[in-house]
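A.B. asks: Start counting at 1 in the sequence shown, then tack on 1242, and there's your number in our numbering. Sending over a structure as structure tokens; questions will come in a sec.
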Amino acid sequence: VACDGGQQSVIASLTASQASTLVVRRGSVLSAAQSDLAEVIGLRPALVAISTTVDRYFGSELRSALGRSRCRIVVIPTGEKRKSLETVTSIVKVAIDMELPRNGLMVGIGGGITLDMVGLAASLFRRGIAHVRIGTTLVGQVDAAIGLKCGVNAGGSKNSVGAFHPAELVLTDGRFLGTLELDHMRDGLAEIVKLAVASDLNLYENLSENAQLLLEPTTRDCAEARAIVDAAIAGMMRELGTNPYEAELCRRVDFGHTVSGAWEVATRYRLTHGQAVALDVALFSTVASFLGTLDPAALSGILSLFERLGIRTWHPVMNDTATLFGGLRSAEAHRGQRINLPLPDGVGNTWFLTDRADLPDKLLIRACALLEAHSRNQEVQLHVSKG
Ligand SMILES: NC(=O)c1ccc[n+]([C@@H]2O[C@H](COP(=O)([O-])OP(=O)(O)OC[C@H]3O[C@@H](n4cnc5c(N)ncnc54)[C@H](O)[C@@H]3O)[C@@H](O)[C@H]2O)c1
């Protein structure tokens, strides 16, 4: 704005360009003969960051796949406690040391934690360079690799510092899932159940029929398992595509993510992200059932799907009301000072409760108590009248 003789006028305005990301399924990301990754990197100088565990399983394949490319491979630690600005700075230091140019590339190979840290390093280095995400966990493939977001934990708060920085390319390869621990597969399945309940009845039915295939290591990359993963990726892209920078604060994909972060922090990350998401889905599905928008049979179906997959729907941290209400306050702050709470409207649809005042504390406490009773006695009556 120019001030000229007391008058104000707009001199210029700038509109930022839209984000774009491509997600591609490949079966030969690290193939020595014809690696998709080597092809994507081409002649560009690249910093390839891989997590310690993934390096143990796939490091030698990665090194032969990259052959003579102009890459520096850096092995980074994982774990929520190392998902920090310090680790991101250590990645940036390697980029500075290798004189990675502005048209160079960063590549993240690992679970959600690795992808978040590499995405953030790429967004900060030279104020933003291109990056490629290769998710090696189910959470990484269906969620962390897909969104524009990347972030780290800081100030005792989950993902409190971050950026929107779309990857130029996301490569998905089911082969990575074969070495993943069962509980980490369950984490990813919790995210897929979340998406299905919030927005995709077909996916929910497919999960009810075939999700077990993703638990068994030998069938994690079969056609039926891939169909679930691809539908989850497509569903996530659909949700994000119309609202990439979250200008709209009522987001269906926030289902499962209202109190989950507070529970992760309160348990010092003994609850993984996926486990906390499942608890959040169970809690707010129960709340929806109390409010009359999810019938008891559907609630029972969701809880029993989690149970069949070996995913818990109750944990003692749910009795900690300070964390529960603190988590809701934090969600309100994050969602524009309204709770904008996604709740199931049947399976596959969502409605939003906008005001915290319409969500009585007593109702939340009763929902947690019902889930506790249900976890102790599968036969507990899930229908509890309103009031
Ligand atoms: N940016 C986003 O939009 C977004 C979305 C969802 C989740 N996240 C973040 O992602 C994180 C959770 O991701 P996660 O569940 O992948 O956890 P993670 O990154 O900690 O990976 C889980 C474990 O599996 C190991 N691992 C990874 N790939 C493996 C493989 N192929 N075989 C064997 N072990 C392997 C990892 O080393 C780690 O120990 C959270 O911090 C969450 O906040 C971010």
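From the three backbone atoms N, C-alpha and C, an ideal C-beta is built for every residue, glycine too.
Looking at the strands, I want to know which residues DSSP matches up with Thr1414.
C.D. replies: Arg1267.
A.B. asks: Measuring CB to CB, does Thr1565 end up less than 8 Å from Phe1497?
C.D. replies: Cβ distance not < 8 Å, so Thr1565 and Phe1497 don't count as in contact.
A.B. asks: Along the chain, where does the alpha helix (DSSP H) that runs through Arg1550 open and close?
C.D. replies: Pro1538 to Arg1550 is the extent of the alpha helix (DSSP H) around Arg1550.
A.B. asks: Per DSSP, what kind of secondary structure is Ala1261 in: helix, strand or coil?
C.D. replies: Here Ala1261 sits in coil by DSSP.
A.B. asks: Starting from Gly1354, trace the beta strand (DSSP E) in both directions and tell me its first and last residue.
C.D. replies: Taken as a continuous stretch (DSSP letters only), Gly1354 belongs to no beta strand (DSSP E), being part of the alpha helix (DSSP H) at Gly1354 to Leu1366.
A.B. asks: Compute the beta-carbon to beta-carbon distance between Leu1422 and Leu1357, rounded to the nearest angstrom, for a pair I have assumed lies under 8 Å.
C.D. replies: About 15 Å; that fails the 8 Å criterion.
A.B. asks: Note down the Cα distance separating Arg1227 from Gly1382, rounded to an integer number of angstroms.
C.D. replies: Nothing in the structure corresponds to residue 1227, since the chain is present only between 1243 and 1629.
A.B. asks: Nearest to Lys1391 by alpha carbon, out of Leu1541, Gly1516, Val1360 and Val1316?
C.D. replies: Nearest C-alpha to Lys1391: Val1360.
A.B. asks: Apart from the five residues just before and just after Ser1627, which ones in its own chain have a Cβ nearer than 7 Å to its Cβ?
C.D. replies: Confidence at Ser1627 is low in this model, with a pLDDT of 46, below 50, so its placement is unreliable and no value can be given for it.
A.B. asks: In terms of alpha-carbon separation, which member of Pro1586, Leu1279 and Thr1257 lies closest to Val1266?
C.D. replies: Cα-wise, what sits closest to Val1266 is Leu1279.
A.B. asks: Here's the rule: buried if 16 or more other CB atoms are within 10 angstroms of the residue's CB, otherwise exposed. What is Ser1441?
C.D. replies: Ser1441 is buried by the Cβ-count criterion.
A.B. asks: Examine the Cβ distances between the region 1445-1462 and the region 1611-1619 and report whether three or more of them are shorter than 8 Å.
C.D. replies: With the cut-off at 8 Å, the region 1445-1462 and the region 1611-1619 do not touch.
A.B. asks: Among Ile1434, Val1316, Ser1255 and Ala1307, whose alpha-carbon lies nearest the alpha-carbon of Gly1516?
C.D. replies: If we check each option's Cα against that of Gly1516, Ile1434 comes out closest.
A.B. asks: Checking contacts by CB at 8 Å: is Ala1307 closer than that to chain B?
C.D. replies: Absence of chain B from the displayed structure is noted, only one protein chain being present.
A.B. asks: What residues are listed by DSSP as bridge partners for Ile1399?
C.D. replies: What sits at residue 1399 in the sequence shown is Ser, not Ile. Partner(s): Ala1396.
A.B. asks: Less than 8 Å between the beta carbons of Glu1303 and Ala1275, yes or no?
C.D. replies: It is not a contact, given that the beta carbons lie outside the stated cut-off.
A.B. asks: For a minimum of 4 consecutive residues, which ranges assigned as the alpha helix (DSSP H) are wholly contained in the region 1471-1524?
C.D. replies: DSSP runs (the alpha helix (DSSP H)) wholly in the region 1471-1524: 1502-1508.
A.B. asks: Count the other CB atoms within 10 Å of the CB of Gly1389; is the residue buried (16 or more) or exposed (fewer)?
C.D. replies: Looking at its Cβ environment, which holds 16 or more other Cβ atoms inside 10 Å, Gly1389 is buried.
A.B. asks: Taking the beta carbon of Asp1489 as the centre, do at least 16 other beta carbons fall within 10 Å, making it buried, or is it exposed?
C.D. replies: In the sequence as displayed, the identity of residue 1489 is Ala instead of Asp. When all chains shown are included, Ala1489 counts as exposed.
A.B. asks: Label Cys1245 either buried or exposed according to how many other C-beta atoms from any shown protein chain fall within 10 Å of its C-beta, with 16 as the threshold for buried.
C.D. replies: Because the pLDDT at Cys1245 is just 49, under 50, the model does not fix this residue reliably, and the point stays unresolved.
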